[in-house]
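Line by line, the protein sequences give chains A and B.
The opening residue of the first sequence carries number 1 in full-length UniProt numbering; numbering runs sequentially from there.
The opening residue of the second sequence carries number 1 in full-length UniProt numbering; numbering runs sequentially from there.
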Amino acid sequence: MAEDQREQESMADNVSETEPARDSKQSSTRPVSLVTWTLATFDTVLFVLLGVLAVHASGGLADLLAGLNTLVGVAVFCYLWALFVLAVRWVHRRVSLDSAGVSTLVLHGVAAGSVTGVVFLLGLLAVALVSTLQSGGARPQSVLLVLLIGAGVAAVVGGVVGLLASLLDIAVYGLAGTLLPELGNERVTEPRRR
Amino acid sequence: MTALPIRTLHVLAMAVLVGGTTVLWYSYRCGTIASLAPAKQFEWLFWGGVGVLVVTGVGNLGSLGPPGPGTDWGRTLLVKLAVVVALLGGSVVRTLLLVQIGDRVNTFDDLHPVHRRTLSRAYGATAAVFLGIVVLAEVLAHG
């Protein structure tokens, strides 16, 4: 993406410490670009909201939420959000939304989604299982079996989510490009008022 | 015990997002803001606020114990969730539109009036949908 490339280029430039230059430097030192932050947050909240919508439409939302601790729910959401940011950043550092082909983007999305799914599951299981293992409530062999089966399922589910998310991201990026007003041969910018 | 802070955070995040989008709509419309930088800065806050809104919104639902979709309350919630999904779709397009405008123009120059008008409309539409969501939230809270 041009934004990412420009940010990388501006990191190399030695600009004087004027106000706008300082602003540019601050944005260039951000580990995540605005596009990555936007798409990762969009994917995360959409994923959660569609889940809530589906459960509510089936009439089971009250029962589901009653069994969840609020702080645990917040922690799981933040964990998922962070994983989405890392996954989208990984994809955007390798392929560009505006120039890469759809198949390349989708393949990267599926790979990132699979890994994210496994890491998400491992994180949850690590928290849940450590206390169980310490108290001797589960045998290590059965834990390993659960981990292997769970990782396989999580990789497939994550891959599907990654596939859908990358297709959606490509679609909204393309739609934004379509809605971008054409200026023709007019001057693109006006001189700054003093 | 966590219900009050969660609800307060939800209301504060909503206030920031409604206020921010309304200010940007008005500023781009009147030409008070002529560059892209304020909008770009706000978009970081906007998506952070959206994350906070969604997680605190689900937290609120948990403490309320929402009735099923067959009731009036449940149907209103269904409509609210659908409107929020639509808002998210529109907002992601708005942010990417802004980014693509930024890719085309020099960040330090003033925006072309056509771009300014586009951003004004985008923020205006976002603010209007947000106000609709606030009305739905009022209905859910007070009937």
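Quick reminder that beta carbons are idealized off the backbone N, C-alpha and C, glycines included.
According to the neighbour-count rule (16 or more other Cβ atoms, all chains shown, within 10 Å of its Cβ), is residue i buried or exposed?
{"i": "residue 218(B)", "result": "Chain B is shown only over 1 to 143; residue 218(B) falls outside these bounds and no answer can be derived."}
{"i": "I133(B)", "result": "buried"}
{"i": "V161(A)", "result": "buried"}
{"i": "S91(B)", "result": "buried"}
{"i": "V130(A)", "result": "exposed"}
{"i": "A40(A)", "result": "buried"}
{"i": "R30(A)", "result": "exposed"}
Quick check: what's the CA-CA separation for residue i versus residue j?
{"i": "L61(A)", "j": "P66(B)", "result": "7 Å"}
{"i": "P38(B)", "j": "L17(B)", "result": "14 Å"}
{"i": "G74(B)", "j": "A57(A)", "result": "9 Å"}
{"i": "Y79(A)", "j": "L183(A)", "result": "42 Å"}
{"i": "V55(A)", "j": "I33(B)", "result": "43 Å"}
{"i": "D98(A)", "j": "Y173(A)", "result": "8 Å"}
{"i": "V79(B)", "j": "V54(B)", "result": "15 Å"}
{"i": "E186(A)", "j": "F42(B)", "result": "Residue placement at E186(A) cannot be trusted, given a pLDDT of 48 that sits under 50; what the coordinates show is reported in the next sentence. Roughly 28 Å separates the two Cα atoms."}
{"i": "F46(B)", "j": "G102(B)", "result": "17 Å"}
{"i": "L77(B)", "j": "L68(A)", "result": "20 Å"}
{"i": "A127(B)", "j": "A138(A)", "result": "52 Å"}
{"i": "A165(A)", "j": "G109(A)", "result": "7 Å"}
{"i": "residue 162(B)", "j": "P140(A)", "result": "This structure gives no information on residue 162(B), because the portion of chain B shown stretches from 1 to 143."}
For chain B, find out if any of its Cβ atoms is closer than 8 Å to the Cβ of residue i; answer yes or no.
{"i": "Y173(A)", "result": "yes"}
{"i": "D23(A)", "result": "At D23(A), the pLDDT of 45 sits below 50, so the modelled position is not reliable; the number obtained from the coordinates is stated separately. Yes, D23(A) lies at the interface with chain B (some Cβ there is under 8 Å from its Cβ)."}
{"i": "A87(A)", "result": "no"}
Can you confirm whether residue i, when its beta carbon is compared against all beta carbons of chain A, has any partner nearer than 8 Å?
{"i": "T126(B)", "result": "no"}
{"i": "I133(B)", "result": "no"}
{"i": "G129(B)", "result": "Residue identity differs from the one stated: residue 129(B) is Val in this sequence, not Gly. Cβ-Cβ to chain A under 8 Å: no for V129(B)."}
{"i": "P38(B)", "result": "no"}
Check whether the Cβ atoms of residue i and residue j lie closer than 8 Å to each other.
{"i": "T38(A)", "j": "H92(A)", "result": "no"}
{"i": "T116(A)", "j": "L83(A)", "result": "yes"}
{"i": "T70(A)", "j": "G62(B)", "result": "yes"}
{"i": "L121(A)", "j": "G150(A)", "result": "yes"}
{"i": "V118(A)", "j": "A75(A)", "result": "no"}
{"i": "L36(B)", "j": "L97(B)", "result": "no"}
{"i": "A3(B)", "j": "G49(B)", "result": "no"}
{"i": "residue 177(B)", "j": "W81(A)", "result": "The structure shown does not extend to residue 177(B), since chain B is modelled only from 1 through 143, so no value can be given for it."}
{"i": "V93(B)", "j": "L175(A)", "result": "yes"}
{"i": "I170(A)", "j": "V85(A)", "result": "no"}
{"i": "residue 146(B)", "j": "V52(A)", "result": "The question about residue 146(B) has no answer, for chain B in this structure spans 1 to 143."}
With residue i and residue j assumed to form a contact (beta carbons below 8 Å), what rounded beta-carbon distance in angstroms separates them?
{"i": "R89(A)", "j": "V48(A)", "result": "So it is not a contact: roughly 20 Å between Cβ atoms."}
{"i": "H10(B)", "j": "N60(B)", "result": "6 Å"}
{"i": "L179(A)", "j": "K40(B)", "result": "Their Cβ separation, rounded to whole angstroms, is 18 Å, which puts L179(A) and K40(B) out of contact at 8 Å."}
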